[in-house]
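Below you'll find the structure, written out as structure tokens, and then a few comments.
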Amino acid sequence: MAQLARAVEPFGEVNVFKSANGLSVKATVLMVPNVENAQTGLALDASASMQPMYGMKIGIFPSAKPNLVEPVARTLSAFLANFSSDGKCSNIYWACSPDGSAIEEVGRYSAEEIENVAFAGPKKFPWGKQTKLLPPVRYFSEIAFKNSPWSIGVIVTDGIIDDLQEVKTYCQQLGQEMVSGQRRFMKLVLIGVGSEVDEAQMEELDDMFEGSNMRTPKGKEIDIWDHRIASEMQKLDEIYSEIVDEDTIVVENGKILDSQGGVAKEYRDGVPAVLRFDLPAGSTGFTLEFAGGSVTQDISEVLGRLQ
50 MAQLARAVEP FGEVNVFKSA NGLSVKATVL MVPNVENAQT GLALDASASM QPMYGMKIGI
110 FPSAKPNLVE PVARTLSAFL ANFSSDGKCS NIYWACSPDG SAIEEVGRYS AEEIENVAFA
170 GPKKFPWGKQ TKLLPPVRYF SEIAFKNSPW SIGVIVTDGI IDDLQEVKTY CQQLGQEMVS
230 GQRRFMKLVL IGVGSEVDEA QMEELDDMFE GSNMRTPKGK EIDIWDHRIA SEMQKLDEIY
290 SEIVDEDTIV VENGKILDSQ GGVAKEYRDG VPAVLRFDLP AGSTGFTLEF AGGSVTQDIS
350 EVLGRLQ
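Residue 143 in my numbering sits at position 94 of the sequence shown, with consecutive numbering throughout.
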């Protein structure tokens, strides 16, 4: 699977898969979900490699550096707080301590309160020398979101994940709990910043439930992870790009055309918020036609990455 770096509005995310007869596409229409009793969280990487981004002075003759994390953290936290049912977002540092396993709580704040919160790095623990993702995942699932019927956590990182397999094993267990109804909806969005992120790892998490056909007792597809590259994001709403209801109809009717103008799929009973369709080999894009307009999405950027 390959995910487009930039989807054309109104698409929130476009994923392309190689199939026996050509290509398969899954595209979502970007919509901010409307849910009750939602809980939100933000986890900021506190590994040592992040120190310059926090404005830390390093070296024998350090020069003053701006804190690039603080304004972004405040914006993200406020955005998530405004979506949360109680108007607050849980904020933490992760990848603290030498082995990268410690979590430091910053606190739960509203959009107004967060403007006065300093994000200068951890105080109780030293900066981490490893980047372990399992601790913030467990913090969200077992503490911050433990009794929440609907939750989303955004995790920001700048480097390689050192415990990827452990995270996948744990999330597989979470998925099974969702299948049995023991656990309600939880979404985790991993956002990569800087040039050292390993997007292949991020995609591996993003795709871990692809093809599993795991569903909740209500028939909803289970997909815990999404990922974003910060430099490619055009709006914060993209955090919700995978959180769309497959049963939601966005337009009364429409059809998908391949890059040669052939009809790939027709939606006579309404265009859903999640579109799945096949394209013939050699296709470099598709067009969604609907009453009153059309949207064309080029997919050529990912064709060379398909396995």
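Glycine included, every Cβ here is placed at the ideal spot set by N, Cα and C.
Where the alpha helix (DSSP H) through residue i begins and ends
{"i": "Pro185", "result": "Leu183 to Tyr188"}
{"i": "Pro120", "result": "Val118 to Phe132"}
{"i": "Met352", "result": "The sequence given here has Leu at residue 352, not Met. Ser349 to Leu352 is the span of the alpha helix (DSSP H), which, as asked, contains Leu352."}
{"i": "Met251", "result": "Glu248 to Asp255"}
Cβ shell of residue i (< 8 Å), same chain only, five flanking positions each side left out
{"i": "Gly230", "result": "Thr265 and Pro266"}
{"i": "Ala87", "result": "Phe132, Ser133, Ser134, Ser197, Trp199, Ser200 and Ile201"}
{"i": "Ala359", "result": "The structure shown does not extend to residue 359, since the chain spans only 50 to 356, so no value can be given for it."}
Identity of the residues DSSP links to residue i by a beta bridge
{"i": "Ser239", "result": "Looking at the sequence shown, residue 239 is not Ser but Leu. Paired residues: Ile204 and His276."}
{"i": "Asp327", "result": "Ser73"}
{"i": "Ser96", "result": "Gly177"}
{"i": "Arg157", "result": "Ser139"}
{"i": "Gly170", "result": "Answer by DSSP bridge pairing: none, since Gly170 is not bridged."}
Sequence-distant residues of the same chain with beta carbon closer than 6 Å to residue i, five excluded per side
{"i": "Lys217", "result": "Met257"}
{"i": "Asp247", "result": "Ile209"}
{"i": "Trp274", "result": "Leu237, Leu254 and Asp255"}
{"i": "Asp347", "result": "Gly334"}
{"i": "Ala313", "result": "Ile305, Asp307, Phe326 and Leu328"}
{"i": "Met263", "result": "Gly224, Val228 and Ile271"}
{"i": "Phe234", "result": "Trp199"}
Cβ distance (whole Å) where residue i is taken to contact residue j below 8 Å
{"i": "Gly358", "j": "Tyr316", "result": "Examination of residue 358 is not possible in this model, given that the chain is present from 50 through 356 alone."}
{"i": "Asp212", "j": "Lys181", "result": "5 Å"}
{"i": "Ile305", "j": "Leu355", "result": "The pair is not a contact, with the Cβ atoms about 19 Å apart (cut-off 8 Å)."}
{"i": "Ala160", "j": "Leu324", "result": "No, Ala160 and Leu324 are not in contact; Cβ-Cβ is about 33 Å, not under 8 Å."}
{"i": "Val205", "j": "Leu93", "result": "5 Å"}
{"i": "Gly149", "j": "Gln179", "result": "3 Å"}
Start-to-end residues for the beta strand (DSSP E) that takes in residue i
{"i": "Phe339", "result": "Gly334 to Phe339"}
{"i": "Gln222", "result": "Run containing Gln222: none in the beta strand (DSSP E); it sits in the alpha helix (DSSP H), Leu213 to Ser229."}
{"i": "Ser139", "result": "Cys138 to Cys145"}
{"i": "Glu315", "result": "Val312 to Tyr316"}
{"i": "Glu259", "result": "Counting along the chain, Glu259 falls outside any beta strand (DSSP E), and DSSP gives it neither H nor E."}
{"i": "Glu301", "result": "Unbroken run through Glu301: none, as it is neither H nor E."}
{"i": "Glu62", "result": "Phe60 to Ser68"}
7 Å Cβ shell around residue i - same chain, five flanking residues per side excluded
{"i": "Ser73", "result": "Phe66 and Asp327"}
With three or more C-beta pairs closer than 8 Å as the rule, is the segment 111 to 125 touching the segment 143 to 151? no
Could you check whether the segment 164 to 179 touches the segment 117 to 127, counting it as contact only if at least three pairs of C-beta atoms, one from each stretch, sit closer than 8 Å? yes
Within the chosen definition, does the segment 57 to 68 reach the segment 271 to 290 through at least 3 CB pairs nearer than 8 Å? yes
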